[in-house]
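Protein chains: 2
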Amino acid sequence: MTTTTIDLPALAQQTTEGLAGGAPSQVSFTTGSRLRTGTNTTVDVAAGPHGFVIDEPAALGGDNIGANPVEHLLAALSACQIITVQVWAAKLGLTVEDVRVEARGDLDLRGFFGVDPAVRPGFQGIEVDLTISGPESEESYAELIRVVEAQCPVLDNLTAGVPVTARASVAGSA
Amino acid sequence: MTTTTIDLPALAQQTTEGLAGGAPSQVSFTTGSRLRTGTNTTVDVAAGPHGFVIDEPAALGGDNIGANPVEHLLAALSACQIITVQVWAAKLGLTVEDVRVEARGDLDLRGFFGVDPAVRPGFQGIEVDLTISGPESEESYAELIRVVEAQCPVLDNLTAGVPVTARASVAGSA
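As given, the protein sequences belong to chains A and B, one line each in that order. Its first residue numbered 251, the first sequence is counted upward by one per residue in the working numbering. Its first residue numbered 251, the second sequence is counted upward by one per residue in the working numbering.
Here you go:
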């Protein structure tokens, strides 16, 4: 078990005050991803000092040595909700003992494989179950959950969409 | 290095033929995510047999033992594009030697911290650079890239948005 020493309420308050001046505070996040040579679907990802593997199960041609892209999408959403709970609980002075999220996405494989152009390739819908426990009143947590649903970055991007600018290039034979 | 033995072109053809009958082929993906006790932002994720950790850097209150949620969002998009390249190259009979994606997302922290309601919490935009190399013609890869941009599940969900149904519950003090 890791025990964190950063004082999140103080950090959240300082950060909020520091941002209140009105100037934009742009931050960029980047990842580098590459197909592992000799595999069908194994992708090595680097994000700053962190590395992880995304793959597909055998039924989709992969070696199943990592969760697949749409599972990582669900994980990104779930973790974002949990962390938004934590930061906003700190901002609002609420204690949270435990927070967990079960997420599920449904898709119709006919979309991805292009057999029916009327079927979208991505999830048709995502269901999220968020559970908070702790000593505060139900009303306090209900208010916290309302804030989280408005402030969670990944939820925002998934529900409202986000412009994706794609550049593609062909490097020629290696 | 992993060397994959599954014949992806044969699998892609069989799957496409199997789906062509017209009936929906719904599949569900699920993840379970939980705050690690005693931490501010460390989230343990389970996706089938796979487990990984999502966290925040110290500047956002975390222990930085994993990439953060929006980096996982970029990774999900990047890996999805790479795997869609692989599956559709197999369907189209094209050889791909290498494929990689650099992704970048920009956000304004004033959104997440709630200091300006006009600023969205999520990425304002995502940039993706996809590079393919191999022995085929530039035209063949350009056509492949057009197909990938139409068929990639995570790109679809991010650009067009997806309905997210959220249920929240309060479990009371542990």
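From the three backbone atoms N, C-alpha and C, an ideal C-beta is built for every residue, glycine too.
The CB of B/ALA308 comes closer than 7 Å to the CB of ILE256 in chain A, given here in chain order. Here DSSP, grouped into helix, strand and coil, assigns A/GLN276 to strand. Residue-level contact check: A/GLN276 touches chain B, since one or more beta carbons of chain B fall below 8 Å from its beta carbon. For B/GLY343 and B/GLU267, the gap between their C-alpha atoms comes out near 16 Å. Shortest Cα-Cα distance from B/THR409 to any of A/VAL378, A/ARG370, A/GLY311 and A/ILE304 involves A/ARG370. DSSP places A/GLU352 in the uninterrupted beta strand (DSSP E) bounded by 348–358. Setting aside the 5 residues that flank it on each side, A/GLN336 is surrounded in the same chain by LEU258, VAL346 and VAL349, each with a C-beta closer than 8 Å to its C-beta; the list follows chain order. Look at A/ILE315 here: in three-state DSSP terms it is coil, with no helix or strand label. Shown here, A/GLU321 sits in a helix according to DSSP, grouped into three states. Within chain A, the C-beta atoms nearer than 7 Å to that of B/ALA270 come from VAL365, in chain order.
Around B/GLN264, no beta-carbon contact reaches into chain A at under 7 Å, the shortest distance being about 11 Å.
Going by C-alpha positions, B/ILE256 is about 19 Å away from A/PHE362. The continuous beta strand (DSSP E) containing A/SER419 extends over residues 414–420.
One finds HIS300 in chain A with Cβ atoms closer than 7 Å to the Cβ of B/GLY316, taken in chain order.
Each of A/GLU393, A/ARG354 and A/GLY411 was checked against the Cα of B/THR415, and the nearest Cα belongs to A/ARG354. Listed in chain order, the non-local C-beta contacts of B/ALA317 below 8 Å within the same chain comprise ILE304, ASP305 and ALA325, local neighbours out to five positions each way being set aside. Interface residue (Cβ-Cβ distance to chain B less than 8 Å): A/GLY372 is classified as such. In summary, the residues of the stretch 344–368 of chain A whose CB is separated from some CB of chain B by less than 7 Å are GLU347, ASP348, VAL349, ARG350, VAL351, GLU352, ALA353, ARG354, GLY355, ASP356, LEU357, ASP358, LEU359, ARG360, PHE362, PHE363, GLY364 and VAL365, in the order they occur in the chain. Where A/GLY268 is concerned, there is no enclosing beta strand (DSSP E), although the alpha helix (DSSP H) around it starts and stops at 258–269. When C-beta distances to chain B are compared with 9 Å, the residues of the stretch 397–408 of chain A below that value are VAL397, VAL398, GLU399, ALA400, GLN401, CYS402, PRO403, VAL404, LEU405, ASP406, ASN407 and LEU408, in chain order.
A/ASN407 is positioned such that its CB atom lies closer than 8 Å to that of B/GLY372. Boundaries of the beta strand (DSSP E) around A/ASP379: 375–383. Between the alpha carbons of B/PRO413 and B/GLY312 lies a gap of roughly 29 Å.
Residue environment: A/VAL378 is assigned as buried (16 or more neighbouring CB atoms within 10 Å of its CB, all protein chains considered).
From the beta-carbon of A/LEU380, the residues of chain B found nearer than 9 Å are ALA416, ARG417, ALA418 and SER419. Less than 8 Å separates the beta-carbon of A/GLN401 from that of B/GLY364. Interface criterion not met: the Cβ of B/LEU342 is under 8 Å from no Cβ in chain A. With its beta carbon less than 8 Å from one in chain B, A/ALA410 belongs to the interface. Against chain B, the beta carbon of A/GLU388 has neighbours under 7 Å at VAL420, listed in chain order. For B/ALA368, no beta strand (DSSP E) encloses it, and the DSSP letter there is neither H nor E. Secondary structure at A/LEU285: strand, using DSSP grouped into helix, strand and coil.
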